[in-house]
Structure formats: structure tokens, C-alpha cells
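Chains W and S, in that order, are what the protein sequence lines are.
Straight run, no breaks: the first sequence in the UniProt record's numbering ends on number 347.
Straight run, no breaks: the second sequence in the UniProt record's numbering ends on number 347.
Number of protein chains: 2
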Amino acid sequence: MEGRKGDVSTSREAAATARRKRPTILDIAERAGVSKSLVSLALRNDLGVGVQTRERILQVAEEIGYRPHVLARALRERRTMRLGVALTSLENPYHTEVFAAVEDAADGAGLSVLLAHGKRAGGHLEERINALLDLNLDGIVVISSWADPAMLQTVSRRAPVVMIGRSLEPVDGIDSVNNDDEAGAALVVGHLAARGHSKILHLTSSLRPAGLARRHGYEAAMRAHGLEAHIRVLARTRGGALQPDLDAALADGYDAVFARNDVEAADVLDHAWDHGLAVPTDLAVVGYDDSMLARRARPRLTSVHQPRQAMGARAVELLIERIDGRLEDRHEVLSPHLVVRESAPQA
Amino acid sequence: MEGRKGDVSTSREAAATARRKRPTILDIAERAGVSKSLVSLALRNDLGVGVQTRERILQVAEEIGYRPHVLARALRERRTMRLGVALTSLENPYHTEVFAAVEDAADGAGLSVLLAHGKRAGGHLEERINALLDLNLDGIVVISSWADPAMLQTVSRRAPVVMIGRSLEPVDGIDSVNNDDEAGAALVVGHLAARGHSKILHLTSSLRPAGLARRHGYEAAMRAHGLEAHIRVLARTRGGALQPDLDAALADGYDAVFARNDVEAADVLDHAWDHGLAVPTDLAVVGYDDSMLARRARPRLTSVHQPRQAMGARAVELLIERIDGRLEDRHEVLSPHLVVRESAPQA
DNA sequence: CTGTTAGCGCTTTCAC
DNA sequence: GTGAAAGCGCTAACAG
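(1) Along the chain, where does the alpha helix (DSSP H) that runs through Y218/S open and close?
(2) Quick check: what's the CA-CA separation for V60/S versus L125/W?
(3) Compute the distance between the beta-carbons of N136/W and A74/W, then report whether it is under 7 Å.
(4) Output the distance between the C-alpha atoms of G6/S and L115/S, rounded to the nearest integer angstrom.
(5) Is the CB of D270/S under 7 Å away from at least one CB in chain W?
(6) Sort D180/W, Y218/W, D181/W and E321/W by Cα distance to L192/W and report the nearest one.
(7) Could you tell me whether the Cβ of D134/W comes closer than 7 Å to any Cβ of chain S?
(8) So, does the CB of L26/S fall closer than 7 Å to a CB anywhere in chain W?
(9) Using a C-beta to C-beta distance shorter than 8 Å, which residues of chain S count as neighbours of M292/W?
(10) Quick check on residue 348/W: buried or exposed, where buried means 16 or more other Cβ atoms within 10 Å of its Cβ?
(11) Quick one, are the C-beta atoms of V333/W and D175/W less than 7 Å apart?
(12) Under 7 Å, do Y254/W and K199/W count as touching if we go by C-beta distance?
(13) If L152/S sits next to V141/S, beta carbons under 8 Å apart, how far is it from one beta carbon to the other, in whole angstroms?
(14) Tell me, please, whether the CB atom of T96/W is closer than 7 Å to any CB atom in chain S?
(15) By the DSSP assignment, the beta strand (DSSP E) with A86/S in it spans what residues?
(16) Look at L318/S and R308/S and say whether their C-beta atoms are less than 7 Å apart.
(17) Based on DSSP bridge pairs, tell me the residues matched to F258/S.
(18) Taking all protein chains shown into account, do 16 or more other C-beta atoms lie within 10 angstroms of the C-beta of S35/W, making it buried, or fewer, making it exposed?
(19) Would you list the residues sitting across from M163/S in a DSSP beta bridge?
(20) Which stretch, first to last residue, makes up the alpha helix (DSSP H) that contains E127/S?
(21) Mind pulling the chain W residues with CB within less than 7 Å of S205/S?
(22) Please work out which residues of its chain come closer than 7 Å, Cβ to Cβ, to V8/W, disregarding the five sequence neighbours upstream and downstream, and give them in chain order.
(23) Run through DSSP, which three-state label would R296/W get?
(24) Just to confirm my understanding: we take L207/S, look at its own chain, exclude 5 residues before and 5 after, and list those with CB closer than 8 Å. What are they?
(25) Say whether the region 53–69 of chain W touches the region 86–95 of chain W, bearing in mind that this needs 3 or more beta-carbon pairs closer than 8 Å, one atom from each stretch.
(26) Helix or strand or just coil, what does DSSP make of L277/S?
(27) Below 6 Å CB to CB, which residues in the same chain sit around V162/S once its five sequence neighbours on both sides are set aside?
(28) For R166/W, which residues in the same chain have their Cβ closer than 7 Å to its Cβ, ignoring the five residues on either side in sequence?
(29) List, in order along the chain, the chain W residues whose C-beta lies closer than 7 Å to that of E103/S?
(30) Output, in sequence order along the chain, the residues in the region 251–279 of chain W whose CB is closer than 8 Å to any CB in chain S.
(31) Can you give the beta carbon distance from T24/W to H69/W, rounded, assuming they're within the 8 Å contact cut?
(32) Mind checking the region 296–317 of chain W against chain S and listing, in chain order, the residues whose C-beta falls within less than 7 Å of any C-beta there?
(33) From the DSSP output, which residues share a beta bridge with T302/W?
(34) Name the residue from A106/S, T80/S and L187/S whose alpha carbon lies nearest to the alpha carbon of M311/S.
(35) Starting from the beta carbon of V70/W, find every residue of chain S whose beta carbon is closer than 7 Å, and list them in chain order.
(36) Measuring only between beta-carbons, confirm whether A74/S sits less than 7 Å from chain W.
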């Protein structure tokens with residue numbers, strides 16, 4: 001906007017040359033000697049376009065490198081064939097693994113997937129979700145226990161929402177799919193009890209729904225086994241460390257730890273390494289999620305496997321059902337299973 | 001399309017009730033008793049709208065929960081204020097860390113970021129990039145050494161592209177920012193030599209540009225230190241394991257390993273654990289990237305730090321410059337530094 | 001089978 | 001100050 005008009009238009013032209021204007025169906029129509037609607041129909045394989053004509057049109061489209069303008073199309077169709085995924089913990093491998101599962105499923109359904117990453121604090125996640133939805137996506141899957149129910153409800157007025165993971169109460173108007181956290185926790189306690197452990201600590205840093213459910217599952221299972229429940233709630237600092245130090249938490253002579261997820265189990269493993277504690281001899285450790293962290297850890301981590309492929313697939317199906325008009329809410333719960341590895345091997 | 005018209009419209013109505021039609025500027029105009037263009041102007045703070053009127057319009061917009069229709073706007077403006085990021089290895093923490101850096105930078109510039117994840121094989125990445133670009137994003141940053149130069153060039157005709165990471169030759173028409181891999185490798189060799197190591201193995205699984213550059217840097221540095229270079233090229237299986245087994249690679253009595261990246265360094269650490277090798281006493285290990293894996297590993301991994309924050313920020317700046325019309329290519333190289341930890345401590 | 005036409009929601013001259 | 005009108009690229013009636 002500075003300089004003379006001449007300058008501006010010159011530089012515009014230069015830029016335009018560098019980045020050529022994209023061809024439209026009109027260009028195809030012209031080159032193929034048909035009308036623009038014909039092209040539109042041919043492009044979308046509408047029957048009722050002469051085979052010859054269609055052939056020619058497709059060919060021309062190919063030639064001039066035509067790409068449909070999805071924005072224009074979406075403006076008319078009110079459908080983008082795109083799903084959004086909102087995440088808060090890109091740094092937790094389990095979450096990216098779930099994302100990959102959703103992506104696989106969507107791919108299979110001919111939908112493409114966009115990811116938005118929001119920080120947990122403030123309204124950041126909501127902002128990102130809204131920015132995503134501004135693109136008129138057909139639906140959105142939220143992978144985050146940090147999503148506020150009220151916020152999700154607001155969002156769901158714009159597009160169908162399915163949440164992978166747990167919310168305290170089912171949220172009106174949004175579907176969900178998660179694993180049975182209570183059952184998962186019971187699996188862990190059962191396994192540890194069978195190994196002969198009795199001083200089993202449950203370590204958690206989260207008062208979020210999934211964490212709570214695992215904790216309740218742990219308590220119930222301990223009771224069922226006639227064992228006393230021990231719980232330590234730690235906070236996670238900005239830097240990612242657990243506070244107060246694990247030292248204190250582990251000082252009471254526990255012989256096994258069930259951590260709320262793999263990340264925290266890995267923290268325990270690290271702590272054991274740093275303090276010369278032998279795992280599983282001195283301390284058995286079990287995680288939750290069975291993420292890359294569990295496979296990668298040394299000793300390898302026994303962990304509860306969440307059926308992420310199935311969860312991702314189901315999430316996409318639920319979304320599609322919603323898009324097609326389903327009105328009732330659906331909440332699916334899949335069963336986890338325990339993957340036994342070195343950090344708490346079979347008895 | 002089936003059933004009588006009445007049925008259809010009834011179910012339509014039901015769905016419409018559940019998911020209300022979004023308000024448009026026309027709704028605002030009506031409610032505020034002005035014309036639609038007035039609203040548009042007011043919404044974008046165009047001076048030349050009565051203060052009173054503007055006030056009222058904004059208020060009404062707020063009231064009815066108006067959200068601009070970015071697709072419609074983009075259709076006119078040819079600008080979406082959105083950037084795309086294309087990735088191939090969501091499972092490599094370094095890549096997600098770079099993504100987060102890009103996101104931070106974009107946030108700062110008022111741009112929002114969408115992520116697309118492509119598999120490395122076939123044309124999958126290209127497909128995903130094109131799907132992303134179909135949304136008329138203003139630019140795209142590619143974080144993948146798997147991106148084919150010719151493909152990138154094609155893509156860059158649609159929107160500005162900047163690549164974070166290395167390509168063999170600078171690609172015409174696209175910008176890049178990366179770290180100096182040769183210098184990074186030299187840092188490693190220098191450090192290991194200073195610790196008194198002489199049988200230093202370089203382990204790599206990649207014949208991609210960044211891997212090659214590190215390898216060349218290693219060779220040159222070894223030569224400079226009067227040491228003999230030893231290189232093992234391993235393949236990675238679908239499952240993620242290195243093939244053939246590390247056993248063979250490490251059988252020749254090396255006292256230090258410089259791995260191509262943290263993922264492979266972690267493989268070496270795991271291997272050492274599995275075989276009772278003490279690190280760093282029996283074997284010193286150094287990685288590259290200084291990702292979460294390095295911080296998390298036990299012993300903690302000495303690794304070359306790529307300045308990802310700076311790289312992400314620079315990438316976004318380069319993109320913005322392009323959007324504003326820059327035509328010459330730019331290739332930036334930032335300096336890495338070594339982060340010394342337990343797997344190869346200070347001499 | 002083919003072409004014409006009217007928008008989708010928004011921005012932007014250009015008159016009033 | 002304000003409003004009317006054209007048009008971004010595409011789809012979907014509807015007439016020929």
C-alpha cells in the first residue's frame with residue numbers, strides 16, 4: 001500500500017507469474033468446447049454425460065492440471081469430506097498413536113484428517129477447535145481429557161463431536177469411545193497380586209476423569225483382593241517432572257507401583273535407575289496405555305493396552321453416523337488387556 | 001432422496017434443529033437494520049462506518065454468535081491465514097517437537113496451523129499435502145527428509161513451501177532451514193576423541209540427505225583427528241527394529257557409537273541393556289536431535305541439539321516473506337550444539 | 001444429452 | 001455514511 005500504484009501492480013504481476021492462477025472448470029469447458037456444468041458433472045462421474053465427452057473433459061482436466069477448488073465446492077455442498085482431530089499432548093506417544101489410528105480409519109472412509117494442537121491452559125484448545133471448524137469440517141474427534149464438557153457442548157453445535165477418552169459424565173450431544181479404565185486397573189491389580197505383591201502403590205498425577213476411573217478401579221480391586229490401597233497424587237511441573245519428588249512417594253517400602261499411564265510409569269523406571277533400584281526385583285512397575293514408551297523402556301514395561309485401532313475406527317464410524325443424521329448419543333466402551341513385559345513379568 | 005418430499009424435509013428440520021444453521025452477515029444486517037455490506041465493513045474495522053452503527057453491528061454479531069465463514073471469505077480474498085505442516089514421522093519425538101516450534105511461531109504471527117501426516121511410502125505424502133493445499137492454505141512447511149524434491153517443486157506452484165531439514169541439493173523455488181549436520185557430527189567426534197575414544201562407530205539407517213551429511217561430517221572429522229572411520233548402515237524393518245541385528249554391528253569391539261539420530265541411539269542403548277553392556281564404561285553412545293528420547297533415556301543420552309525453536313520461527317518468517325512476494329530462494333543453516341549427558345560424559 | 005441460471009457467504013467497487 | 005450489484009469457483013435445478 002506504499003509506493004505508487006504502478007509499483008504495486010508490477011510486483012503483483014511478478015508474483016502472479018511465479019504462482020500461476022489455478023485453472024477452473026471454466027477453463028476446461030472452454031478448452032473442451034462444452035459448458036461449465038457439463039464439466040462439473042463429468043468430473044463427478046455423473047451418469048448422463050456422453051462417454052466421449054466425459055473422456056475428453058477428463059483428458060483436458062488432466063492436461064491443464066486441474067484441481068477442484070474444495071472451498072468453492074464446500075461453499076455449495078456444505079460438506080468438506082474432512083475431519084478434524086484436536087489434541088493436547090503431542091508429546092505423549094499414546095495420543096499420537098491414537099491419532100494415527102483415527103487417520104487410518106478416516107483414510108479408509110475416504111475422509112482426510114487435519115490435526116490441531118491446543119495447549120491445555122486457558123481457552124487455547126477451544127480456540128484451535130473453532131479455527132479448525134471454521135474450515136467447515138464435517139466433524140471432529142477430540143483426544144484429550146482436558147476438554148471441558150461445556151466447551152465441547154458449545155462446539156458440538158457447529159459440528160458432530162466425538163471424544164476419545166473419558167469424561168466424568170457423558171456429555172449431552174457428543175459421542176464418546178473409550179476403554180474400560182476400571183477393568184484395566186483391575187487387570188493390573190490382579191496381575192500384581194498373583195505375583196505375590198501386597199504393598200502396591202497407585203501413582204497418579206491427574207484428577208481428570210480417566211485418572212480417577214483408574215484410581216477407583218484400583219481401589220475396588222485392592223479391596224476385592226483384601227489389600228490395602230495406597231495412593232500418591234503427584235503434580236507435574238511445567239518442565240514435566242513430578243512434584244514432590246518420587247523419593248518421598250516411594251520411601252514407604254512398596255514392592256510394586258501401578259502408574260496412571262506410561263509416561264508416569266517411565267518416570268518411575270527412571271527414578272529406579274537413578275537410585276539403583278532393581279526392577280522388577282526391588283520394585284515391579286506397571287503402566288497404562290501400552291504406548292511406544294512401554295515398548296521402548298528398559299526393562300520393558302508391563303502395561304494396559306488400550307485398543308486404539310478399534311477406538312479410532314469406532315470414533316470415525318460414530319462421526320459418520322452423526323453426519324448422516326443420527327440424533328441419539330452413543331457412548332462406547334472397549335475392553336483393555338494387559339501386556340506383560342519385564343517390569344512386572346508373569347509370576 | 002428417497003421417500004416423499006414431506007419426509008425428507010421433516011428429517012431435515014429435525015437435524016437442523018439439532019445443528020442450527022449458522023448466522024451470516026445477512027442475519028446481522030437484518031437484525032441491525034442495515035445492509036449487508038455495512039456489516040462486512042464494520043466487522044473488519046473499516047473506517048468510514050459510523051461509530052454508532054459499528055457499535056450496534058458488533059453487538060448484534062456477538063448476540064447471535066456470529067462467526068465469519070472463512071471459506072466464503074477465502075473464496076474472495078484468496079488468503080486463509082492458515083499454514084499447513086506436513087510430517088512423516090509422528091512417532092519420532094523430534095519431529096513433533098519441531099512441529100510445536102512452528103506452531104508457536106505461527107501463533108505469534110496470528111496464523112493458525114494445520115498438520116497433515118503422510119506415510120513415507122508411495123505418493124501418500126504428496127496426496128496429503130495436496131489435500132491440505134486444497135484448503136487454500138497460505139503456505140506449507142514440510143518436516144520430512146522423505147519429501148521428494150520434484151514433488152516439492154510441483155507443490156510449490158500451489159503455495160510457498162519451506163522445508164525444515166535437509167535435501168541433497170537446494171530445491172529450486174523452495175526455501176529451507178536446517179542445522180549444520182556436518183558441524184554437528186564434528187562436535188560429536190571431537191567430544192568422543194577428547195574422551196579418549198578411538199574406535200568410534202557411526203551407525204546409520206538412512207541414505208537420506210541429513211543422514212548422509214552427518215556421515216560425511218563424521219568421516220571428515222575422524223580424518224581430521226587421525227582416526228579411522230567405521231560405518232555401519234542398518235535397515236529398519238516395518239516393525240521399527242534395526243536389521244540386521246545390532247549384535248553384528250557392535251561385535252567389533254567399538255568403544256563408542258555415534259548414531260544418526262536419537263531414535264537409533266536409543267536402539268543402541270536398549271541393545272546395551274539387553275546384553276549387559278555398561279554405558280558409558282563399555283560403550284559410549286551419542287545421538288542426534290536432542291529430543292525427548294535423549295532426556296528420557298537411561299543413562300541420559302548425550303546428543304546434538306538442533307535449535308528447533310529458532311528453526312521453526314525462521315521457517316514461519318520465510319513463509320511470510322514469500323507470501324508477501326519474495327521471489328528469490330533462501331536457505332538457512334543454523335548451528336547445532338552438543339548437550340553432554342551420561343551416555344558420553346565430559347572427559 | 002447439453003446449456004442456462006441461480007445462488008453458497010463474503011468482499012469490494014461504485015453510485016447515491 | 002450507506003446500499004446495490006458483481007463475482008470468487010462450484011453445484012444443481014430446470015429448460016431445451
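Backbone N, C-alpha and C define an ideal beta-carbon position, used for all residues, glycine too.
Let me spell this out:
(1) P209 to A224
(2) V60/S and L125/W have their alpha carbons spaced roughly 26 Å apart.
(3) yes
(4) A caution first: G6/S carries a pLDDT of 31, below 50, which makes its placement in the model too unreliable to give a value.
(5) yes
(6) Y218/W
(7) yes
(8) With 7 Å as the cut-off, L26/S does not count as an interface residue toward chain W.
(9) E91
(10) The requested residue 348/W is not part of the displayed model; chain W covers only 1 to 347.
(11) no
(12) yes
(13) That belief does not hold up - the Cβ atoms of L152/S and V141/S are roughly 11 Å apart, past 8 Å.
(14) Under the 7 Å criterion on CB atoms, T96/W is classed as interfacial with respect to chain S.
(15) Here the beta strand (DSSP E) through A86/S covers R82 to L87.
(16) Result no, Cβ atoms of L318/S and R308/S do not sit closer than 7 Å.
(17) H202/S and V286/S
(18) exposed
(19) V142/S and S176/S
(20) Segment H124 to L133, the alpha helix (DSSP H) holding E127/S.
(21) Near S205/S there are no residues of chain W at all, since even the closest Cβ is about 16 Å away, more than 7 Å.
(22) Note that V8/W scores 33 on pLDDT, short of 50, meaning its location in the model is unreliable; the coordinates nonetheless yield the value given after this. Excluding positions up to five away in sequence, the list is empty.
(23) Helix, per DSSP.
(24) V233
(25) no
(26) coil
(27) V141, D175, A315, L318 and L319
(28) Only S145, N178, D181, P209, A210 and A213 meet the Cβ criterion.
(29) H117
(30) A266, L269, D270, W273 and D274
(31) Taking a contact as a CB-CB distance under 8 Å, the pair T24/W and H69/W counts as one, their CB atoms being some 7 Å apart.
(32) R296 and R298
(33) V286/W
(34) A106/S
(35) D134 and L135
(36) A Cβ of chain W is located within less than 7 Å of the beta carbon of A74/S.
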